[in-house]
Each structure stands twice: as structure tokens, then as C-alpha cells.
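Each remark here refers to the structure printed beneath this line.
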Amino acid sequence: LGLALCGTSSAAFLYHDYCIIGAGPSGLQAAYFLQQAGRDYIVFERSHAPGSFFALYPRHRKLISINKRYTGKSNSEFNLRHDWNSLLSHDRRLLFKHYSHDFFPDADTMVHYLEDFASLLKLQVQYNTAIIHVTLEKDEQAWNGHYFLLTDQDRQNYKCSSLLVATGTWVPNVVNFPGSEYVEGYETVSINPEDFAGQTVLILGRGNSAFETAENILGVTNFIHMVSRSRVRLSWATHYVGDLRAINNGLLDTYQLKSLDGLLEGDLEDLAIVKDKKGKLHITLRFYLEDRNTSAGIDSITLPQDELDNFATRAPYDRVIRCLGWKFDFSIYNRSLKMMPGKGYKNKYPQINPNYESRSTRGLFVLGTASHSVDFRKSAGGFIHGFRYTTRAVHRLLENRHHGVPWPSTVYPITQLTNSIIKRVNEASGLYQMFSVLADIILLRENATAFEYLQEYPVGILAELEMETGRKAPSGLFVVIMEYGRNFSGDDKDVFYYNRAVGEAQHAWQSNFLHPVIYYYKRLPTEHEMKLRPPDWPLPRPDAIHHIVEDFLTDWTAPNAHILPLRRFLENCLSTDLRNFFAESCFLFAFTHQKLPPFCRQGYARMQGLLGSEGLRRHAVEAGLLEDYTPTDLLGDRRLDSYRDSQDQLLRNHVISVRPLQHLGNAKDE
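Here the numbering used here is used: position 14 in the sequence shown is 924, and no number is missing along the way.
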């Protein structure tokens, strides 16, 4: 722990390379990666324990993040696709399935889990420390040209080179209108259904917190009305997990089946609430009160039903509850940091770049829910099962920038290209959860003899790949990403229509459900090309693109429907042959061709490959890949002619390199 003096001030600063504000899920996830890398860091948490948000929210204690304990598979990476609560770590004890058997777990279980995550991994968390002010100190010797100076509630000062903000969004959204003082907030309203028995309730908002509140009191109220400026968005239609989930949508049933409850659309800022002598709350419109105030008697105030006797909200309410979500707390940041809210519907989040760094302050990264502006309403970056991967990506960017540790990668011979892609699209959880945001990057080596594989890189900064990763892309690249169909998701989409899925490989580009897409670029796209990419495209137009057809089981291992079309696409892009051959075929090629296919050149010619056995030979015969012969058969049997004929056909079909690649489409695949 270092001590430093701040300029002319006499106050001592406790120094760390990395400061993390907030010990919620994203703060603990960042701490884990920094600790594994042996970095100097500290986490500041204002509460006495981690995950303080979950100690209060959701108010009715049921999480909407799924805890799928069984998938039928033992692959831990695949299983994370359906585990929305676990953080990433090497400790198998810290999987959420060991903490709860519930498909939708209790929020108290999440608090317990986060406490264990911090304690078992011995993360450096300083509790009961509320950071109340953050500013900058210019210094040319600092990593980013400045230090971050933090002050806590006890006036203790801290200095750090890089600041990771993981505070989430916890400030309630409040709409001010005449009479809003009569509104109860989601954060304080009673969660005891009996307190609402026989009452009439109006709920402001239309997200999961609003429907969660309605679900809790649905069986005891006279009726519930819900008002919001936008129509209800169903998560199964938008494919966005932050929209209304089925577990909370009971009020949609009672509305559409005419059981008194109902939904209305309107701008909340146009409303006004007037309280009568009996304590009932009447809804009116703001312009009716322009010359009056809400303290005036109800008889002297014009109500909409005075002019329109069937006004929808003419019945008085006993209670009005605000459930409008939360926003980021900008109050602790000095102007020097230029922490600005986003534009439009993203104004509850700070402005950040696609690498999760502040647009105005180098070295300040936003993690977790507060970083959701990068993929708001598009992917899962605002939730644990998404930001655990984006936090890891930020850590890898920092490792390269400040410590010279390049982005982790693996180099394979080109013959393993198809296998590498198939393996990742079938098990990778980061690609699956952060679809359209994180992608695997395949950097081709010279002459396409080998490739370098980088996992889960943010596609929004593809143009800066060489600088951000420390890896070079001189000979082109493939980008492997997961996508939904272009026109399949939306507020008003019918996602259950007939023929909603395709099954033929030739129609793969029309796939609707989540499926792998491979982009090929002969060179790294430029920043200008990234800015000009088509609307709703995660990447610029590629030199070639391939969709692997959607699969009902999300199992992309079918030889004809999935693997063969992918291999042909890769061969066309690289002008090479990516087929696998048995040793005897490579042996014949060696005597009859000047150039061997890559598989023979990198395998057989180097005395590599599977060791032959009777079991392997029998399997090849049964699969039709080898003739059924024995050494004695070849001395005089008819099979000798059959064997020669098959090898002649093999040689005619397998012309390597000298024939244009498109003719290889007729070759027999082995």
C-alpha cells in the first residue's frame, strides 16, 4: 500500500493501481481477474457486505435470472449458457447451482453467494467505505496522463491510476408532476399483500418491477391499472431479457380476459393527481391545473370526466405506486471527469465507448449494469450473465494497455479451422450470452497455413484490434458471432408464426433464432467503415459471410447441415483444401502430386495422425470410407480391381491446388 501527497495539499493518499467502486457482481468479477493477474487493486463498498443492491431489490425477492441446474451435458462452459447467476472463477464451488435449487432464485441467496465469492477468493474489498467525491490530478507520469483522486465519507483520500466504476444503477427514476407527493416509491412500498386488500391501485411504469408489484397484489385488490408512456414489451418477442418476463405477466391475463385490471399508455409528465377529502386519489391532466394548485378543493378542479364522461381513469384510486426503474448516480464525479449521461433513452447510463471506457476520461471504465448503454435493448450486457464476460474483456484490454500482456490467443494449423469454429459455437457461453457484441476473432497467418484464435473480443472496437490486443492481423481475419434474424425481434413481432424456423442449409441466411454467423475480411476494417456499417449490423459489410443454419437444439454438429457448408465457405475464402484424409490417400498424393493438401502436409508428411487399429479400420469400412479388404484379398481377389478403381476415382476427384476451388465442390468428402 503506497502513500502519496496530492500536489500542494498536505492530505495523504492511499495509492493503488486500480480502484473499483462498488462490490456488486461486476465489481467482484473485476476484482477476481485483477487478483488472478497479481495486480494492485482495492474495491470500495459503501455497505457492510457485497451485493447491497440485492439486499433490497427486487422488493418481492424473486430474481428473474434463470438457474438451470440440468442441461443433459457435463461441459461446464456450455452449462454457463443457462446459468444466469454465477460469476466466472476457477472455483467450482462458486457455481450458483450449489446455492439454490430454484429456477428463479431468491434474492437473499444472491447476497449469500456474493459474500462467499468475496470471502472464499479472498478479494480485497474495503467495506463501509462510501466514495463521495472523485476528481482528477494531472500528471504526465501517470498511466493515462492523470491520477484519479477519491474521497470517502470519513475524508480519507485515495489515489489510483485506473478507475473501474461498478456502482450499477441504483438511483430511483422519479417523475415530477402536480400531486406526485402522493405517489409511493417501489423502493419503500409495502410488500405485504394484505395491506392492499380491497383497494384500487394505479401503478406508474411498465417494466418488470411494475409487473412484479402487480403480481404480488393481484389477488387482493379491487383492480389495478398500469400507466406508462410506451406499450408493453414482451421479452419473448424482443429477445431482450430486460423486457417483461413471463414470470411477472399475470396482469396481462386479467387485462385481456376482462377481469377489471388494465393497461394504459400516456406521458406521465402530463398527469396530475388530486386528493379528495376521503383520501382518494383522482387522476387529471396537468393543463387543467395551470391556474390552480393541487391543494385547492376537489370541487374547484376540473377533472377529465367532467368533459369526457367515459374517461378511462375516472375511478378514484386508493394508492399510486411508482415503479420506473433506476439510473446512474452522477453526483459524486467532479466536472473534470466529464461524466455525462447518454442521449435519449440511454440517459440513465453514462456515456462510454464500445470498449467500456468513458468517452471523455481515459482510464475510467464503467462495468456491469451501468455499462449497458453499449448494448441496451440488444443483448445481455446489463445483467450478470452478460457483464461477467464484458468485465473479462475489459480486464484483457487493461492487461495489454498497462502491462504489455497481449490478449490470450492460441495458434493452430489451418487444418483445425473448421473444428475450432464448430467447437466454439457449440459450447462458448460468452458468444451465446453477449450475441452481436462479443465475437471470436480468427487472425490468419501468411499463406493461410495457420491461424491465431482470440475469444470474446468486443466487436465495437474491431478497427482497433491490433492496438487493443497486441496481436497482428496482416493476412485477413474471420469474425465468429451469434445473431438473431434481422427482422425477428421487436415489440410488435409475432414470434410464434408458422414456418418461423428454417432447416435447410441453403436457407441459412434466413434463420430467425440465435445462430452463428461468420464474417470474412481480407483486411481489418477501418474505424470509418465501422461508423458507416448498415443499421442494426454489428459489423461492416464483409468480403464474404456465412450463416450456420439455426438449430432447434442449438447443436451445430450435423455433418451435412452445419459442418460441410461451413468448411466449403472457409475453403472458398482461403482458396485451399480443408478436408481430412486417411493416410493411404496422403500416401498416394505424395507419389502423384507436386503439392499435398494441408492436412497431409501438416499431418501425414510429419508422421502425425491416428495410429491404425483393427477397430478404427472396421469403423472406416462400416462408414463407407475404406474398402473392406485384407492383405490376402489383394493377391487375387476381385476386390483388388475394386480397390484400384476406388483409388483411381479418389485421384480424379481430389485434384489439389492446380484446379480452381469451385470444382472441389464435387469431390468426395472424407
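Built from N, CA and C at the ideal position, the CB exists for glycine as well. None of the values given here were measured: they were computed from a predicted structure.
Per DSSP, the bridge partner or partners of residue i
i: residue 1006; result: DSSP lists no partner for residue 1006.
i: residue 1236; result: 1082
i: residue 1410; result: Beta-bridge pairing links residue 1410 to no other residue.
i: residue 1227; result: 1191
i: residue 1068; result: 924 and 1060
i: residue 1456; result: 1428
i: residue 1164; result: Looking at the DSSP assignment, residue 1164 forms no beta bridge with any residue, so it has no partner.
i: residue 993; result: 977
Endpoints, the beta strand (DSSP E) within which residue i is located
i: residue 872; result: Coverage of the chain is limited to positions 911 through 1580, which leaves residue 872 absent and any answer about it impossible.
i: residue 1147; result: Per DSSP, residue 1147 belongs to no beta strand (DSSP E); it is in the alpha helix (DSSP H), 1145-1148.
i: residue 1182; result: 1181-1185
i: residue 1320; result: 1319-1323
Assigned exposure category for residue i - 16 Cβ within 10 Å defines buried
i: residue 1526; result: exposed
i: residue 1266; result: buried
i: residue 1546; result: Confidence at residue 1546 is low in this model, with a pLDDT of 48, below 50, so the placement of that residue should be treated as unreliable; the coordinate-derived value is given next. Exposed, because fewer than 16 other Cβ atoms sit within 10 Å of the Cβ of residue 1546.
i: residue 1181; result: buried
i: residue 1131; result: buried
i: residue 1478; result: buried
i: residue 1029; result: exposed
i: residue 1020; result: buried
i: residue 1349; result: buried
i: residue 1002; result: exposed
i: residue 1175; result: exposed
i: residue 1101; result: exposed
i: residue 1000; result: exposed
i: residue 1084; result: exposed
i: residue 1149; result: buried
i: residue 1297; result: buried
i: residue 1436; result: exposed
i: residue 1276; result: buried
i: residue 1442; result: exposed
i: residue 1425; result: buried
i: residue 1377; result: exposed
i: residue 1314; result: exposed
i: residue 1382; result: exposed
i: residue 1544; result: Bear in mind that the predicted position of residue 1544 carries a pLDDT of just 43, short of 50, making it unreliable; the figure below should be weighed with that in mind. It is exposed - the Cβ of residue 1544 has fewer than 16 other Cβ atoms within 10 Å.
Limits of the unbroken alpha helix (DSSP H) element including residue i
i: residue 1330; result: 1327-1337
i: residue 1475; result: 1474-1484
i: residue 1349; result: No alpha helix (DSSP H) holds residue 1349; the beta strand (DSSP E) holding it covers 1348-1354.
i: residue 1023; result: 1017-1030
i: residue 1299; result: 1294-1313
i: residue 1440; result: 1437-1441
Option nearest residue i by Cα separation, candidates the options
i: residue 1480; options: 1401, 1354, 1446 and 1439; result: 1354
i: residue 1446; options: 1197, 1016, 1393 and 1478; result: 1393
i: residue 1027; options: 956, 940 and 1374; result: 940
i: residue 1107; options: 1126, 1119 and 1095; result: 1126
i: residue 1366; options: 1338, 1386, 1381 and 1378; result: 1338
i: residue 1523; options: 1256, 1492 and 1326; result: 1492
i: residue 924; options: 1054, 1036 and 1361; result: 1036
i: residue 1255; options: 1060, 1235, 1242 and 1270; result: 1235
i: residue 1308; options: 932, 1211, 1136 and 1074; result: 1074
i: residue 1144; options: 1500, 1404 and 1483; result: 1404
i: residue 1099; options: 998, 968, 1189 and 1268; result: 968
i: residue 1138; options: 1121, 1410, 1495 and 1080; result: 1121
i: residue 1063; options: 1052, 1495, 1057 and 1042; result: 1042
i: residue 1103; options: 1053, 1128 and 1536; result: 1128
i: residue 1396; options: 1386, 1084 and 1410; result: 1410
i: residue 1227; options: 1253, 1322, 1109 and 1426; result: 1109
i: residue 1056; options: 1071, 1065, 1044 and 1067; result: 1071
i: residue 1407; options: 1093, 1147 and 1322; result: 1147
i: residue 1515; options: 1496, 1530 and 1278; result: 1496
i: residue 922; options: 1067, 1167, 1470 and 1119; result: 1067
i: residue 1364; options: 1341, 1345 and 1358; result: 1341
i: residue 1141; options: 1401, 1519, 1529 and 973; result: 1401
i: residue 1165; options: 1473, 1077, 1233 and 1135; result: 1135
i: residue 1271; options: 1279, 1262 and 1193; result: 1262
i: residue 1293; options: 1244, 1009, 1457 and 1344; result: 1344
i: residue 1347; options: 1033, 1386 and 1283; result: 1283
i: residue 1196; options: 1305, 1089, 1330 and 1229; result: 1089
i: residue 953; options: 962, 933 and 942; result: 933
Counting only runs of 4+ residues fully inside the region 1038-1064, write out the alpha helix (DSSP H) ranges in chain order. Counting whole runs of 4 or more residues, the region 1038-1064 contains no alpha helix (DSSP H) stretch at all.
Which runs of the alpha helix (DSSP H), 4 residues or longer, sit entirely within the region 1488-1529? The alpha helix (DSSP H) runs lying completely inside the region 1488-1529 and spanning 4 residues or more are 1493-1502 and 1508-1512, given in chain order.
Quick one: complete alpha helix (DSSP H) runs, 4+ long, within the region 944-978? Uninterrupted alpha helix (DSSP H) stretches at least 4 residues long and entirely within the region 944-978 occur at 962-966, given in chain order.
Ranges of the alpha helix (DSSP H) found wholly within the region 1087-1113, counting only runs of at least 4: The DSSP assignment places no complete alpha helix (DSSP H) segment of no fewer than 4 residues inside the region 1087-1113.
Only counting runs of 4 or more residues, tell me where the alpha helix (DSSP H) segments fall wholly within the region 1357-1401, in order along the chain. The region 1357-1401 contains these whole alpha helix (DSSP H) runs: 1375-1379.
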